[in-house]
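So for the sequence shown, my numbering puts the first residue at 26; every next one is plus one. Note that beta-carbon positions come from the ideal geometry of N, C-alpha and C, so glycine has one too.
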Amino acid sequence: MEITLVRHGKPDLKKSGSVSAAGMREWVLAYDASRISGSPAPTVNAACQNSKLIVSSPLPRAISSLETLGVKPDFILNELSEAPLPIFNVPTIKLSPSLWLVLFRLFWLVGASSNSESCSDAKERAKSVADRLAALAHEHNRVFSMGHGIMNKLIAKELERAGWTKVTDGESGYWGTVRYALSTF
Numbered sequence: 026m027e028i029t030l031v032r033h034g035k036p037d038l039k040k041s042g043s044v045s046a047a048g049m050r051e052w053v054l055a056y057d058a059s060r061i062s063g064s065p066a067p068t069v070n071a072a073c074q075n076s077k078l079i080v081s082s083p084l085p086r087a088i089s090s091l092e093t094l095g096v097k098p099d100f101i102l103n104e105l106s107e108a109p110l111p112i113f114n115v116p117t118i119k120l121s122p123s124l125w126l127v128l129f130r131l132f133w134l135v136g137a138s139s140n141s142e143s144c145s146d147a148k149e150r151a152k153s154v155a156d157r158l159a160a161l162a163h164e165h166n167r168v169f170s171m172g173h174g175i176m177n178k179l180i181a182k183e184l185e186r187a188g189w190t191k192v193t194d195g196e197s198g199y200w201g202t203v204r205y206a207l208s209t210f
C-alpha cells in the first residue's frame, strides 16, 4: 500500500512589492484563488499515473495542478486545504509577501492564530486526513494526494506515527513529492 503526498505547482501570481500586514489579506486571497504555471517533474506525473485513486484539496492551485497532469480528482477532500495563515495587525511596516509569510507562520507555530485555525487544530485535522488516506490506501492500494506544503508536512508526521515508512523523499517546494508505504505482511 502506498500514499503519495504532492504539493501543488507554482501559483501563477504577479510579483508584488512590499505590502502592509493588512495588505497580506488580499495577497492570501489572490494566492488561494490562483491557478498554477509551469510543469511538474516526470516523477510527479509517473506517481500520478501509477495511482489507483486521486484525492485533492479544493483550492484552485491543487485542482489546476491535477489538470496539468491531465487528470481529475476522484474526489475532493476539503480537509486537505492548507492551514490558514494568520494575519496580524502590524501598523506602518511594509515587507515582501514572502517575509510576511515566514513571520506569520512562525507566530502560528508558536501558538498565535489571530482568529484562524490554530496549529494544534491543524495537527488534529492532519491526523484525521492521514487516517482517511490510510483507509483509502487499504481499499485502493495506491493513493495520490494533491495538497499543500504545511498540511502535507503535518500529514506526513501522522503517517509516520501510524507506522507508514517514507519510501521516497522529494523536495519540499512546488511539486514536492513524498511517498509512504505500509508493509502488508
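Where residue i and residue j are concerned, what is the direct C-alpha to C-alpha distance, given to the nearest angstrom?
i, j, result
"residue 76", "residue 98", "11 Å"
"residue 114", "residue 58", "23 Å"
"residue 132", "residue 138", "8 Å"
"residue 61", "residue 83", "14 Å"
"residue 35", "residue 56", "10 Å"
"residue 28", "residue 118", "42 Å"
"residue 91", "residue 68", "14 Å"
"residue 142", "residue 65", "30 Å"
"residue 146", "residue 208", "29 Å"
"residue 204", "residue 52", "31 Å"
"residue 140", "residue 54", "16 Å"
From the DSSP output, which residues share a beta bridge with residue i?
i, result
"residue 211", "Look at the range of the chain in this structure, 26 to 210, and you will see that residue 211 is not part of it."
"residue 191", "205"
Please state the DSSP three-state secondary structure of residue i.
i, result
"residue 112", "coil"
"residue 29", "strand"
"residue 180", "helix"
"residue 36", "strand"
Buried or exposed: where does residue i fall if 16 or more other Cβ atoms within 10 Å of its Cβ makes it buried?
i, result
"residue 168", "buried"
"residue 102", "buried"
"residue 183", "buried"
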